[in-house]
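Engineer: A single structure is presented below for examination.
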Amino acid sequence: MTSLYIHIPFCNRICTYCDFNKFLIKNQPVDEYLDCLVKELETIPAELDTVFIGGGTPTSLNDRQLERLLQFIQSHFRIAAEFSMEANPDELTASKIHLMKLYGVNRLSLGVQTFDDELLKLLGRTHQSVDIERAVDTAKSSGIQSVSIDLMYHLPTQTLDQVKIDLEKALELDIDHISSYSLILEPKTQFYNQYRKGMLQLPDATLAADMYRYTISRLAQSEFKQYEISNFAKPGHESLHNKVYWQNKEYYGAGAGSHGYIDGQRYYNIAPVPHYIKAMHQGDAVKEVHAVSREESMEEFMFLGLRLNEGVSKSIFSERYGVTIESIFGEVLQQLEAARQIVVAEDRIYMTEEGRMVGNDVFEKFLLSV
Numbered sequence: 195m196t197s198l199y200i201h202i203p204f205c206n207r208i209c210t211y212c213d214f215n216k217f218l219i220k221n222q223p224v225d226e227y228l229d230c231l232v233k234e235l236e237t238i239p240a241e242l243d244t245v246f247i248g249g250g251t252p253t254s255l256n257d258r259q260l261e262r263l264l265q266f267i268q269s270h271f272r273i274a275a276e277f278s279m280e281a282n283p284d285e286l287t288a289s290k291i292h293l294m295k296l297y298g299v300n301r302l303s304l305g306v307q308t309f310d311d312e313l314l315k316l317l318g319r320t321h322q323s324v325d326i327e328r329a330v331d332t333a334k335s336s337g338i339q340s341v342s343i344d345l346m347y348h349l350p351t352q353t354l355d356q357v358k359i360d361l362e363k364a365l366e367l368d369i370d371h372i373s374s375y376s377l378i379l380e381p382k383t384q385f386y387n388q389y390r391k392g393m394l395q396l397p398d399a400t401l402a403a404d405m406y407r408y409t410i411s412r413l414a415q416s417e418f419k420q421y422e423i424s425n426f427a428k429p430g431h432e433s434l435h436n437k438v439y440w441q442n443k444e445y446y447g448a449g450a451g452s453h454g455y456i457d458g459q460r461y462y463n464i465a466p467v468p469h470y471i472k473a474m475h476q477g478d479a480v481k482e483v484h485a486v487s488r489e490e491s492m493e494e495f496m497f498l499g500l501r502l503n504e505g506v507s508k509s510i511f512s513e514r515y516g517v518t519i520e521s522i523f524g525e526v527l528q529q530l531e532a533a534r535q536i537v538v539a540e541d542r543i544y545m546t547e548e549g550r551m552v553g554n555d556v557f558e559k560f561l562l563s564v
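Numbering-wise, the working numbering puts 539 at position 345 of the sequence shown, and it's gapless, one number per residue.
In structure tokens:
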């Protein structure tokens, strides 16, 4: 069995920081898109471990459209473990959460980002802080098994005190999972353009590091355990779907701009909705296929797996590639261990907290082609 990511590329508003494949839903051929999406989903094997519906904003679909998609997924697939869906707090109506529960969604991921209304406005979010508690209450009362929220730090004008307040409010919600991401300025976003023009001031690197350290420290004092660089969960509530990516396992992707990793090949779908629809009418929407080399797979095994607090397994590496991890990365491991950025144990290699603070620098060391 494997996993499946489904992309809904529509939003009611475009956020200022987002570089995902997304389009304003107004005047979009949503029903025709769903026709094509279902056609693509029909080609995917029915036995799955996890399914994740992301976007865009899946809850930008109306009730009829959402039910159509969820009904097909329930009838076509047998999902062994986890069925997750993203939602915006202000779009999570009682009727939509009822449909999610009815058709088997057992994990909800809410795009909260912050509880500060001024920062929410700056981010281009459509919800306010009052919508967050209502959405969480609605989800929990419906019987959804696990509720997660996304938070962001290193935001324009954001202070450490604001990060502290966000974390306290998140903990008050009594949810199961928190993701906390640092803002990254991505090209073609509004924030990126404003920054290039000198119109956007971000907290400096030292303050951003303090925000991250505080997040780790505060959540460690609660029931949450950090299990990945940006992710914290109560026992039994880690994101099984996302761990598929970090453990470099294979998965399917469906929808405009989605990508998958099957039989040692990464494939990428056409991103613009009209082009995706046209391609699906003609056969399939795959734009590009890349055969992952043994060297690339080893690199990915390391820099994806090291994102997890548990790190990577030496024995699994040996089973997968027929060589020891030391024979490929021995010099790099010695350097990073000497710098106290990783720990090399009997069977596992994992990053220290200091290593996680400079994670991207650590990951780059495992690029064999550089």
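Heads up, the beta-carbon is just placed ideally off N, CA and C, and yes, glycines get one too. Computed from a predicted model, the values in this text were never measured in an experiment.
Go through the stretch 209-287 residue by residue and report every complete run of the alpha helix (DSSP H) that reaches 4 residues or more, in order.
Structural biologist: 224-235, 257-270
Engineer: Is the stretch 322-335 close to the stretch 278-287, with three or more CB pairs under 8 Å?
Structural biologist: yes
Engineer: Are the beta-carbon atoms of Ser373 and Ile343 separated by less than 9 Å?
Structural biologist: yes
Engineer: To the nearest angstrom, how far is it from the Cα of Leu242 to the Cα of Tyr199?
Structural biologist: 11 Å
Engineer: Helix, strand or coil for Asn425 per DSSP?
Structural biologist: strand
Engineer: Is the CB-CB distance between Ser197 and Tyr445 below 9 Å?
Structural biologist: yes
Engineer: Short of 6 Å in beta carbon distance, which residues of its chain neighbour Ile326, apart from the five on each side in sequence? Order them along the chain.
Structural biologist: Within the same chain, Cβ atoms closer than 6 Å to the Cβ of Ile326 are found at Pro283, Val306, the five residues on either side in sequence being excluded.
Engineer: Going by C-alpha distance, which of Ile519, Leu502, Asn503 is nearest Ile510?
Structural biologist: Ile519
Engineer: Starting from the Cα of Glu234, find the closest Cα among Cys209, His270, Asn256 and give me that residue.
Structural biologist: His270
Engineer: Can you list, in chain order, the residues of its chain whose CB lies under 8 Å from that of Val552, leaving out five sequence neighbours each side?
Structural biologist: Gln535
Engineer: Determine the contact status of Leu264 and Gly298, defining contact as a CB-CB distance below 9 Å.
Structural biologist: yes
Engineer: Check whether the stretch 241-255 touches the stretch 423-440, taking contact to mean three or more Cβ pairs, one atom from each stretch, closer than 8 Å.
Structural biologist: Because the criterion of three Cβ pairs below 8 Å is met, the stretch 241-255 and the stretch 423-440 touch.
Engineer: Can you tell me whether Phe511 is helix, strand or coil according to DSSP?
Structural biologist: helix
Engineer: Only counting runs of 3 or more residues, tell me where the beta strand (DSSP E) segments fall wholly within the stretch 409-486, in order along the chain.
Structural biologist: 419-422, 425-427, 445-448, 453-456, 459-463, 480-485
Engineer: Who are the Cβ neighbours of Glu276 in its own chain at under 7 Å, not counting the five residues just before and after it?
Structural biologist: Same-chain partners within the cutoff: Thr244, Asn300, Arg301, Leu434, His435.
Engineer: State the beta-bridge partners of Leu502 as determined by DSSP.
Structural biologist: Glu422
Engineer: Can you tell me whether Pro381 is buried or exposed? The criterion is at least 16 other CB atoms within 10 Å of its CB, across all chains shown.
Structural biologist: exposed
Engineer: Run through the DSSP bridge pairs and tell me what Met545 is partnered with.
Structural biologist: Per DSSP, the beta bridge partners of Met545 are Ile536.
Engineer: Do you know how far the Cα of Asn442 is from the Cα of Tyr544?
Structural biologist: 16 Å
Engineer: Quick check on DSSP: helix, strand or coil for Ile378?
Structural biologist: coil
Engineer: Have a look at the DSSP bridge pairing and note the partners of Arg301.
Structural biologist: Ser278, Ser340
Engineer: Can the beta-carbon of Leu413 be found less than 9 Å from the beta-carbon of Leu396?
Structural biologist: no
Engineer: Cβ of Ile219 within 9 Å of Cβ of Ser254?
Structural biologist: Yes, the pair counts as a contact, with Cβ atoms nearer than the cut-off.
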